[in-house]
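J.: Dropping the structure in here first, questions after.
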Amino acid sequence: MTFEKIIQTIIGDTNDERAEGFLRFLSSKLWGLYNDYLMDKIKVAESEIVWNLNMPNAKENQIYNQTVEMPKVSSAQLPEVEILLDDVVGLEQDIHGLQLMVAPDKHSFAITGTPTLEHFRKDGATALSTFELTLKYHFSGMEMPAERPVLERKVQFVINQDPRKLWRDIPVDWENMTEPKYKKDDIQIDYVKVEALSDGTPQKDIVAASKRGRSHAQEGKPRDDHFKMSHMDNGWYIMAVADGAGSAKYSREGSRIACEEVTNYCMAQLANSKDFESAVKQYNEHKTESESDARKAVGDYIYKIVGTAAFKAHKSINAEAAIKKLPAKQYATTLLLAICKKFEFGWFIATFWVGDGAICLYNKQAHTAEVLGVPDEGEYAGQTRFLTMPEIFKDATSLYQRLRFRIVDDFTALFLMSDGVSDPKFETDANLNNPDKWDALWTDLKENGVELTDDNEETKNQLLAWLDFWSPGNHDDRTIAILYEGEDVSQNISSETADEDNTSIPDVPETTSNEEEIAETPVEPSSTEDIEEQDQSAAEDVEPQKE
1 MTFEKIIQTI IGDTNDERAE GFLRFLSSKL WGLYNDYLMD KIKVAESEIV
51 WNLNMPNAKE NQIYNQTVEM PKVSSAQLPE VEILLDDVVG LEQDIHGLQL
101 MVAPDKHSFA ITGTPTLEHF RKDGATALST FELTLKYHFS GMEMPAERPV
151 LERKVQFVIN QDPRKLWRDI PVDWENMTEP KYKKDDIQID YVKVEALSDG
201 TPQKDIVAAS KRGRSHAQEG KPRDDHFKMS HMDNGWYIMA VADGAGSAKY
251 SREGSRIACE EVTNYCMAQL ANSKDFESAV KQYNEHKTES ESDARKAVGD
301 YIYKIVGTAA FKAHKSINAE AAIKKLPAKQ YATTLLLAIC KKFEFGWFIA
351 TFWVGDGAIC LYNKQAHTAE VLGVPDEGEY AGQTRFLTMP EIFKDATSLY
401 QRLRFRIVDD FTALFLMSDG VSDPKFETDA NLNNPDKWDA LWTDLKENGV
451 ELTDDNEETK NQLLAWLDFW SPGNHDDRTI AILYEGEDVS QNISSETADE
501 DNTSIPDVPE TTSNEEEIAE TPVEPSSTED IEEQDQSAAE DVEPQKE
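Residue numbers 1 to 547, in the numbering used here, belong to the letters of the sequence shown in order.
What follows is the structure, given as structure tokens:
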């Protein structure tokens with residue numbers, strides 16, 4: 001039967017107009033049924049798809065490169081059917097930092113780039129992190145309905161925010177702060193350039209930087225750390241780093257007073273240091289003989305210069321607190337102090353240490369790291385001791401325990417740092433004595449833009465930038481001071497130090513007989529009162545009231 005015969009049979013003797021209307025109705029009805037049939041097949045196909053796309057969350061500012069395979073249609077009724085991807089939208093290179101690209105075979109798509117959320121942080125708003133991708137696809141091996149030639153599927157894609165971006169940098173509201181304000185900048189940098197000797201021999205320089213911690217910036221609080229350093233014409237270097245206690249309201253002033261006072265006092269005492277230097281030379285000549293008199297003579301000078309400097313800082317803080325009629329503990333601060341000088345036989349270094357942080361004499365070539373003191377621990381975990389505590393200076397022995405001196409051929413760097421640096425970089429006190437950790441720190445500095453070269457004043461800005469390093473959970477103020485000789489200068493550092501004597505005053509419990517003699521029979525002055533007599537002040541005016 002021909003097609004014309006079929007049509008004639010259906011319409012019969014109906015006139016043309018009526019027949020045309022009938023055929024239109026029939027066609028529309030049949031096409032509708034057919035589309036329903038196709039949609040039923042699509043529903044069957046989609047019911048057999050498990051949309052479990054392998055699309056890990058991206059991390060802001062970290063390179064992302066992921067190929068996402070389209071799922072399979074697992075249906076015995078539709079053995080030849082598979083998903084073909086036409087397009088994916090929802091991310092833009094200019095906005096999200098990511099590009100979407102469909103594979104030529106349409107079986108997958110790729111997400112590539114370095115994600116960013118800066119576009120969504122306008123006016124300080126919290127950035128969005130979840131975005132909707134639209135997958136546009138069709139099925140191969142089956143006809144698609146005319147009104148739905150392309151299907152769509154919505155999926156979520158997450159860009160985890162860079163945790164560093166979650167921290168706010170709120171300025172300190174100095175204008176509305178109650179007195180005493182003790183205004184302090186958020187950053188502090190300095191570089192002490194020491195000119196080469198007349199024969200062209202380069203000298204070690206000092207660089208230091210201090211930066212307000214993220215935890216302080218988040219709450220609009222001031223920086224509590226401080227440092228001061230100096231090089232004298234007679235060759236003496238002086239370095240001080242202090243970390244004001246975060247729980248002490250005016251610790252930022254306590255740390256400043258401590259650094260200023262100890263540095264100024266040491267400079268005054270070392271301006272005429274011939275007798276002290278003679279004692280150092282005498283000790284160097286007799287140290288192999290365990291000459292107790294020479295040892296005690298050096299200990300005496302360290303006590304009078306370095307110990308007294310710390311004690312005067314303690315007094316000055318108490319005096320400021322008294323003027324303001326405030327408890328001294330509100331000015332609580334740690335203190336790291338070092339003085340050193342190069343002699344013809346090597347370097348002499350003396351230190352005072354109260355609180356946490358670190359002082360270390362680092363020798364890269366010899367692969368040694370000597371910590372010149374012991375980090376303080378308070379009564380409870382996470383606590384430390386402070387310069388403002390009366391017990392630090394209660395007697396000569398208490399003070400002696402915080403003093404160290406050392407003679408070495410040479411060294412790569414002398415580090416002083418607050419716990420804002422030592423905690424994230426070393427994690428434990430035991431690691432402070434691990435040379436590998438100091439090697440890692442030295443490499444970290446060099447590989448992250450700090451050019452420790454001779455006479456490079458830009459180093460101070462580089463070091464400040466380095467202090468912005470990221471360490472989860474470590475967001476305190478950060479301060480570091482480094483006495484170093486530029487790596488561009490040819491050094492002749494011995495693989496062994498000139499003397500393995502790390503004399504403490506007194507040393508750790510296992511001491512030599514000479515060290516015990518220093519501890520048991522302190523050289524004059526034998527008490528904090530005697531220190532005070534040097535300043536021609538009454539001893540009873542020295543000791544502050546218990547906090």
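Using N, Cα and C, we set each Cβ at its ideal position, and we do this for glycine too.
Owing to the predicted nature of the structure, the values given are computational and were not obtained by experimental measurement.
Within 8 angstroms (strictly less), CB to CB, does L270 reach chain B?
T.: Chain labels in this structure do not include chain B; a single protein chain is all it has.
J.: If Y484 sits next to A369, beta carbons under 8 angstroms apart, how far is it from one beta carbon to the other, in whole angstroms?
T.: Not a contact, Cβ separation roughly 14 angstroms.
J.: For D419 and D376, which I take to be in contact (beta-carbon distance under 8 angstroms), what is that distance rounded to the nearest angstrom?
T.: With 8 angstroms as the limit, D419 and D376 do not qualify as a contact, their Cβ atoms being about 11 angstroms apart.
J.: Quick check on the burial criterion: 16 or more other C-beta atoms within 10 angstroms. Buried or exposed for G473?
T.: Exposed is the call here.
J.: Is the beta carbon of L91 less than 8 angstroms from the beta carbon of L85?
T.: Result no, Cβ atoms of L91 and L85 do not sit closer than 8 angstroms.
J.: So the candidates are L98, E195, D233; which of them puts its Cα closest to the Cα of D454?
T.: When only C-alpha atoms are compared, the closest one is E195.
J.: Check whether the Cβ atoms of H226 and S255 sit closer than 8 angstroms, and answer yes or no.
T.: Result yes, Cβ atoms of H226 and S255 sit closer than 8 angstroms.
J.: Around the C-beta of I257, are 16 or more other C-beta atoms found within 10 angstroms, so that it is buried, or is it exposed?
T.: Buried: at least 16 other Cβ atoms inside 10 Å.
J.: Taking its Cβ as the centre, do 16 or more other Cβ atoms sit within 10 Å of P163, making it buried, or is it exposed?
T.: With fewer than 16 Cβ atoms within 10 Å of its Cβ, P163 is classed as exposed.
J.: If you pair each beta-carbon of the stretch 173-184 with each one of the stretch 106-126, do three or more pairs fall below 8 angstroms?
T.: Verdict: no, contact absent.
J.: Straight-line CA distance for L361 to H216?
T.: Roughly 30 angstroms separates the two Cα atoms.
J.: Excluding five sequence neighbours on each side, which residues of the same chain lie with their C-beta closer than 7 angstroms to the C-beta of S513?
T.: Residue confidence is low: S513 scores 29 on pLDDT, short of 50, so the model does not pin down where it sits. Its coordinate-derived value is still stated next. There are no such residues.
J.: Identify the continuous alpha helix (DSSP H) that holds H286 and give its terminal residues.
T.: Per DSSP, H286 belongs to the alpha helix (DSSP H) from 274-286.
J.: Give me the Cα-Cα distance between L128 and A430, rounded to the nearest whole angstrom.
T.: The alpha-carbon atoms of L128 and A430 are separated by roughly 42 angstroms.
J.: Is the separation between the beta-carbon of L337 and that of A240 shorter than 8 angstroms?
T.: Yes; because the gap between Cβ atoms is below 8 angstroms, this pair is in contact.
J.: Could you compute how far the alpha carbon of F311 sits from the alpha carbon of S471?
T.: So the two alpha carbons sit approximately 35 angstroms from each other.
J.: Within 10 angstroms of its Cβ, does R18 collect 16 or more other Cβ (buried), or is it exposed?
T.: Flag for R18 reads exposed.
J.: Measure from the alpha carbon of K136 to the alpha carbon of each residue in N160, T130, K106, then state which is nearest.
T.: Per the Cα distances, K106.
J.: Does the beta-carbon of S140 have 16 or more other beta-carbons within 10 angstroms, so that it is buried, or is it exposed?
T.: Exposed: under 16 other Cβ atoms inside 10 Å.
J.: Quick check on A217: does DSSP put it in helix, strand or coil?
T.: Note: A217 maps to helix in three-state DSSP.
J.: Between which two residues does the alpha helix (DSSP H) carrying F415 extend?
T.: Here F415 belongs to no alpha helix (DSSP H); instead the beta strand (DSSP E) covers 413-417.
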